[in-house]
Amino acid sequence: MGLTSLPLERAIAGQKPSSSGGAIATSQQSAFRNAERVQESITARVERKTLLWIAARLPLWVTSDQLTCHGLGAMFFGWASYLLARWYRSGFLLATVALALNWFGDSLDGTLARVRDQQRPRYGFYVDHVIDSIGAVLLMSGLALSGCLDWRIAAAMLVGFLLLSIESYLASYTLGVFHMSFWKFGPTEIRILLAAGNVALWVNPQAMVLGRFRLLDFGGIVASALMLAMFLASAIKHTQQLHRQERLPKRRE
2 MGLTSLPLER AIAGQKPSSS GGAIATSQQS AFRNAERVQE SITARVERKT
52 LLWIAARLPL WVTSDQLTCH GLGAMFFGWA SYLLARWYRS GFLLATVALA
102 LNWFGDSLDG TLARVRDQQR PRYGFYVDHV IDSIGAVLLM SGLALSGCLD
152 WRIAAAMLVG FLLLSIESYL ASYTLGVFHM SFWKFGPTEI RILLAAGNVA
202 LWVNPQAMVL GRFRLLDFGG IVASALMLAM FLASAIKHTQ QLHRQERLPK
252 RRE
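Start counting the sequence shown at 2; every next residue gets the next number (our numbering).
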């Protein structure tokens, strides 16, 4: 599970219903195909080796589900930390710790399942990305509540994230390829940039960019614009690709 794994189910035309629940479950499992995962972010190679090293050394009592819950709990911790930062700037440091804890749970759960050969692709896909959506809401609302980010910019970033997520899910289903990063940026790169911003605000909560924009406001505007551009570029590319693959036959006079 996690942002690092995105398998999708494909419907199989003409599948006959079965009177046995177990037979249906077996048929559904055999009909399921994992989308090809493409990870081309800046930190992908180092992160992959690090996650495999950690997964191989975790005690057996640690499970993928526990790591998934750990990642979600870290996002609640991050939300509370940003709220605290409204009055105490130490909240920005706590939010940075929360991002690291979220990375540990969210990135490692799927790796652990693959290392132990305990994958549940449909369950993992559904649970993990519902939790990702909840985490995005917690993160953006927490940033807005911190008082260092305009709530309208936070809302724009949330919309951009959801648009990219929806596009990637649809592309995975229709094309069988899931892109885990856009333009060399993935979830880990975003966490690193946000952590750097947290440290800067801990040092100086009034930090400005270009002498006009608050630090998080400027970063949020840039992030929103980039996510919108990524969404449009991916949507156009995949629409053209699907159009080529499913051309209509020429009409006969």
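All C-beta atoms in this analysis are idealised placements derived from N, C-alpha and C, irrespective of residue type, glycine included.
Check the DSSP bridge columns for residue i and list the partner residues they point to.
i: F214; result: V210
If you run the structure through DSSP and keep just helix, strand and coil, what is residue i?
i: E247; result: coil
i: N199; result: helix
i: W88; result: coil
i: L61; result: coil
i: S42; result: coil
i: L163; result: helix
i: Q119; result: coil
i: L233; result: helix
i: R253; result: coil
i: A150; result: Just to set this straight, residue 150 is Leu in the shown sequence, not Ala. The answer is coil: DSSP assigns L150 none of H, G, I, E or B.
Got a sec, what are the start and stop residues for the alpha helix (DSSP H) residue i sits in?
i: I135; result: P122 to L146
i: T112; result: S91 to V116
i: A81; result: S65 to L85
i: T51; result: A45 to A56
Determine the direct distance from the alpha carbon of residue j to that of residue i, and round the result to whole angstroms.
i: A196; j: L249; result: 49 angstroms
i: M228; j: G161; result: 5 angstroms
i: Q247; j: A86; result: The question names Gln, but residue 247 in the sequence shown is Glu. Near 52 angstroms, if we compare the C-alpha coordinates of A86 and E247.
i: G187; j: R253; result: 48 angstroms
i: E157; j: F93; result: With the sequence shown as reference, residue 157 is identified as Ala, and Glu is not the correct amino acid for it. So the alpha carbons of these two residues sit roughly 22 angstroms apart.
i: T240; j: D107; result: 30 angstroms
i: V210; j: L216; result: 6 angstroms
i: H71; j: A208; result: 32 angstroms
i: L84; j: P60; result: 34 angstroms
i: S28; j: Y127; result: Confidence at S28 is low in this model, with a pLDDT of 48, below 50, so the placement of that residue should be treated as unreliable; the coordinate-derived value is given next. About 19 angstroms.
i: L164; j: T112; result: 26 angstroms
i: A57; j: L68; result: 14 angstroms
i: V138; j: D110; result: 21 angstroms
i: R115; j: W88; result: 43 angstroms
i: T64; j: T97; result: 24 angstroms
i: W104; j: D118; result: 21 angstroms
i: K238; j: S91; result: 44 angstroms
i: L171; j: A201; result: 37 angstroms
i: R123; j: I135; result: 19 angstroms
i: I154; j: W54; result: 38 angstroms
i: K251; j: H244; result: 14 angstroms
i: R131; j: F214; result: The sequence given here has Val at residue 131, not Arg. Between V131 and F214, the C-alpha separation is close to 33 angstroms.
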